[in-house]
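Residue numbers (our numbering): 36 to 106.
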């Protein structure tokens, strides 16, 4: 991503609120739009999913580790 794109991205997300855990941003558009948009990193997304599903992984006897993760 070039310097210009990075600046535009920062300006675009300036009005977005931080998520409760501080790892992403949330935007709730107005003017009749019903919903919200959340941006978060891929690592945070995988970590959250793993945490939510850990009981299932334990019961099924699987690790729950991603095949795409280097750990």
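Positions of the beta carbon are idealized from the N, C-alpha and C atoms, including for glycine. Everything numeric in this text was worked out from a predicted model, so none of it was measured.
Query: Which residues in the same chain have their Cβ closer than 6 Å to the Cβ of residue 72, if we skip the five residues on either side of it in sequence?; Result: 62
Query: Measuring CA to CA, which of 98, 67, 65 and 75 is closest to residue 53?; Result: 75
Query: Measure how close the beta-carbons of residue 51 and residue 65 come, nearest whole angstrom, since I'm counting them as under 8 Å.; Result: 13 Å between Cβ atoms; not a contact.
Query: From what residue to what residue does the beta strand (DSSP E) around residue 86 run?; Result: Careful: residue 86 lies outside any beta strand (DSSP E), inside the alpha helix (DSSP H) at 77-95.
Query: Could you tell me the alpha carbon to alpha carbon distance between residue 79 and residue 57, rounded to whole angstroms?; Result: 11 Å
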